[in-house]
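Protein chains in written order, with the numbering used here: chain D, 1 to 147; chain E, 1 to 440.
Taking it in order: structure first as structure tokens, then the write-up.
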């Protein structure tokens, strides 16, 4: 993002986590409240990124392992004659999906709780910041009118 | 030029579907249901495209966002919207065209006239300023409120209103529809507010406004409040308190029960079915002011319909649900998933037979609706027995036209209000005469 920009910039989805990273703009006269908000957002972003990157990687890995083990049990190779990667159909994969979901259930519960808390905190802080800015703007207008 | 090209590329698979639905539209008599079917056609063709893309063999290698197949929204309760048709049509064409292009690129990997695709994906890969532009705002809010789904919800509420055995009042109808629409917008916005990281990870939902950073969470919440509060107030004060209470309850049920429950237990599907069943009940109570058996029957029909619709849909999304951490029957209890779908297809037959018993329709309704209910039950049985993608797709697509057709037939078989009024008048007259005799 350009150096002179006054707003945050959001980028393309990350390859592993599929989340879009945000670069936060630090205004020169940042108040304590605004800093708290920015730090909360940065922390949430980092936390989300860690979680999803790890989770998606685990999914891909476990899926590969599952396919490999199933193909081996069937006596097939990972790649068939044409060099294409062999796949299992949806019904065979269903066992894997069910397994994966139940294995990660607790992890998801924990993450949900964390995410909801962070989301509410950030939105609440945003509200506070917006309110303070609005009051400041009104006070500025009043001063102009008086002058 | 680009727009036309997009349409053409999107058109190839969709022309036969569109033609079939155009024919269906030509046969419809009522204007409201014409809109209904037009929107359903758009909906069906979009889903057709989505699902036909899913049919391609899934590449097993490391998946980049552009390679993932498109997913279908588990919340979409089928049927469509009544917003300004041209606006919806435009946005549909654009989004379906764009999505189609993206899919074509990833699946085919070829460069056949891909300049538009390149531009589109390049745009996606760029860094964007997080500044709200006022001219983008209507589009953003439309996507935030899931305006197509909202239109669907409003049309089911209108169906409830139309079926109520009272003379039709236009102002009441409009107020009820508007209030329901606003409530639905609010609920959908809050849902998106809660689900940002999960939506980012599912291909269908990854272009939502909050995921893309086009709007801040604060603004999303404010918008939800700005829709929800006036919507419920409109229903409570402009229609009646019962409808308002149902609207508020439905928002609560959807945002605070269904949305979090999706990640905790498979019970979310039943809660979601109730959420879908409430709008027609609201339409009925808006017209009559009371919760009669008829309202509950209409709600019951929509409740039962949700299961074959959603269970068939979710059958094709098992991978994404598993990875995203969503607890859905299709992943955890596949047998139950199919059993429930079949069970509720059969329940629809029973509920349709109940309609004349409760005096909502004449006896022609269960007779005429029997073939369509039997057909969906047959597809439900096939899904139950075969448990594969093709049977789930067939069931899903059947559910898309089954509901509007059923409601249309119901409306045409509605028991005439005049009949009831005449009987009522006679009773009134005799009562008056009796009173006169009693007076000294």
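C-beta atoms are modelled at their ideal positions from N, C-alpha and C, and glycine is treated no differently.
If you're wondering where the values come from, they're calculated on a predicted model, not measured in any experiment.
In the DSSP assignment, residue 96(D) falls within the unbroken alpha helix (DSSP H) covering 90-103. In terms of CA proximity to residue 124(D), 36(D) leads the group 16(D), 36(D), 7(D) and 100(D).
Burial state of residue 309(E) is buried, judged by a 10 Å Cβ sphere holding 16 or more other Cβ atoms. Sequence-ordered contacts of the region 27-49 of chain D with chain E read 48 [C-beta pairs closer than 7 angstroms]. Within the region 348-406 of chain E, the complete alpha helix (DSSP H) segments of 4 residues or longer fall at 364-386, listed in chain order. The beta carbon of residue 313(E) does not come within 8 angstroms of any beta carbon belonging to chain D, so the residue lies off that interface. Residue 187(E) holds the alpha-carbon nearest to the alpha-carbon of residue 222(E) among 384(E), 187(E) and 256(E). Boundaries of the alpha helix (DSSP H) harbouring residue 74(D): 32-74, taken from the DSSP string. Put simply, the CB of residue 66(D) is far from chain E, with every gap to its CB atoms at 8 angstroms or more. Looking at the DSSP output, residue 22(D) sits in a beta bridge with 10(D). Going by DSSP, residue 3(D) is part of no alpha helix (DSSP H) at all; its letter is neither H nor E. Under the criterion of beta carbons closer than 8 angstroms, residue 16(D) and residue 57(D) qualify as touching, at roughly 6 angstroms.
Taking a Cβ-Cβ threshold of 7 angstroms, the residues of chain E close to residue 123(D) are 217, 218 and 221, in chain order. Under the Cβ distance rule, residue 137(D) does not count among the residues neighbouring chain E, no pair being separated by less than 8 angstroms. In this structure the region 85-98 of chain D does not lie against the region 26-44 of chain D, because fewer than three pairs of beta carbons, one per stretch, are closer than 8 angstroms. Here the C-alpha atom of residue 266(E) lies approximately 9 angstroms from the C-alpha atom of residue 333(E).
Considering only beta carbons, the part of the region 358-387 of chain E lying closer than 9 angstroms to chain D consists of 387, in chain order. Just measuring C-alpha positions, the residue of 400(E), 157(E) and 326(E) sitting nearest residue 376(E) is 400(E).
Under the three-pair Cβ rule at 8 angstroms, the region 121-136 of chain D does not count as touching the region 45-55 of chain D. For the 8 angstroms CB-CB criterion, residue 250(E) and residue 229(E) do not form a contact. Close partners of residue 132(D) in chain E (Cβ separation under 9 angstroms) are lacking, with about 13 angstroms as the shortest Cβ gap.
Along the region 279-350 of chain E, the beta strand (DSSP E) does not occur as any fully enclosed run of 3 or more residues. Taking all protein chains shown into account, residue 214(E) has 16 or more neighbouring C-beta atoms within 10 Å of its C-beta and is therefore buried. For residue 335(E), not one C-beta of chain D is nearer than 8 angstroms to its own C-beta. CA-to-CA, the gap between residue 269(E) and residue 263(E) works out to about 11 angstroms. Around the C-beta of residue 311(E), 16 or more other C-beta atoms lie within 10 Å, and the residue is accordingly described as buried. Contact between residue 52(D) and residue 197(E) is confirmed by a C-beta separation of about 7 angstroms, below the 8 angstroms threshold.
With contacts defined by Cβ atoms closer than 8 angstroms, residue 145(E) and residue 189(E) form a contacting pair. Less than 8 angstroms separates the beta-carbon of residue 160(E) from that of residue 284(E).
What residue 209(E) touches in chain D, judged by beta-carbon distance under 8 angstroms, is nothing: the nearest beta carbon there is about 12 angstroms away. Among the residues facing chain E, residue 90(D) is included, as its CB has a counterpart in that chain under 8 angstroms away. When the alpha-carbon of residue 169(E) is set against those of 342(E), 392(E) and 239(E), the nearest one is in 239(E). Burial check for residue 319(E): the Cβ neighbour count within 10 Å reaches 16 or more, so the residue is buried. Neighbours of residue 8(D) in chain E, taken as residues at a C-beta separation under 9 angstroms, are given in chain order as 129, 130, 131 and 213.
Under DSSP, residue 128(E) forms a beta bridge with 10(D).
For residue 222(E), the enclosing alpha helix (DSSP H) stretches over residues 217-233.
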